[in-house]
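Asker: For our numbering, count along the sequence shown from 1 and bump the result up by 3.
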Amino acid sequence: MTKTHWRKILETDYLGGFDLDDGKGNFREIDATIKKAERREVKDQNGNNETCLVIEFTDKDIKPMILNVTNSRMLEKLFKSSYIEDWEGKTIRIGTEKVRAFGEWHNALRVRNFIPKPKNTDIICSDCGGVVKGRGKATAQIVADNAVKEFGQPVCLDCWEKRKAVTEQYANELGEKPEQLGGMLGELPDPREAE
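Rendered as structure tokens:
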């Protein structure tokens with residue numbers, strides 16, 4: 004069962020360790036691309052103004068993060084620059100670490116000591132090795148999902164047409180309908196006609 008950390012209920016403007024709580028007693032790590040770093044006045048725990056270094060992220064779902072000296076030094080090390088303008092557009096991995104502060108243990112945010120590899124979101128055609136692309140209302144994911152259902156693997160629309168032609172030719176040679184050849188053709192709508 005997933006549980007809710009009490010700090011997630013309270014409105015907070017800045018990223019905290021509790022935001023990475025997975026609800027099962029563990030903390031996930033996130034990759035975030037820095038949109039900008041800037042000096043900003045923020046309220047401390049007592050409601051007093053404090054000048055901090057804050058980074059904002061390109062992903063609107065990730066709150067801005069107040070950088071302490073430890074995380075600032077890590078960014079300087081990762082990007083080989085102490086200038087905050089050089090950090091813009093760079094992707095970091097953020098996790099948590101148990102630290103003792105103010106007489107108590109906390110799950111502090113930590114910038115990890117490596118630059119995460121970019122995630123390849125392209126779907127590759129198993130026939131030609133090209134990128135599966137969408138057409139019309141059908142996204143690349145819809146095309147790939149329908150191809151997997153029909154052929155057992157993702158294929159691009161060009162290879163889909165080639166497979167369809169081969170299946171129809173084979174069916175004609177056998178004197179059967181294409182639908183009778185194990186469902187390789189005709190069971191699913193053309194992915195280009197997705198709603």
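Idealized CB from N, CA, C, for every residue including glycine.
Determine contact between the region 115 to 134 and the region 154 to 167, defined as no fewer than three beta-carbon pairs at a distance below 8 Å.
Answerer: Yes: at least three Cβ pairs fall under 8 Å.
Asker: In chain order, what residues of the same chain have a beta carbon less than 7 Å from the beta carbon of R42, not counting five sequence neighbours either side?
Answerer: Closer than 7 Å at the Cβ level, and outside the excluded window around R42, lie T54 and L56.
Asker: Take W90 and list the residues in its own chain whose beta-carbon comes closer than 6 Å to its own, dropping the five residues that flank it on each side.
Answerer: Only I37, A40, L78 and F82 meet the Cβ criterion.
Asker: Determine which residues share a DSSP beta bridge with F117 and list them.
Answerer: Note: F117 sits in no beta bridge, so no partner.
Asker: Could you tell me the alpha carbon to alpha carbon distance between Q48 and I118, rounded to whole angstroms?
Answerer: Rounded to the nearest angstrom, the two C-alpha atoms are 31 Å apart.
Asker: Could you tell me whether the region 95 to 105 touches the region 136 to 156, where touching means 3 or more Cβ pairs closer than 8 Å?
Answerer: These segments do not touch.
Asker: Distance check for S85 and S75, CA to CA, integer angstroms please.
Answerer: Spanning the two alpha carbons is a distance of roughly 8 Å.
Asker: Looking at the unbroken alpha helix (DSSP H) that takes in V151, where does it start and where does it end?
Answerer: Counting along the chain, the alpha helix (DSSP H) containing V151 begins and ends at A143 to F154.
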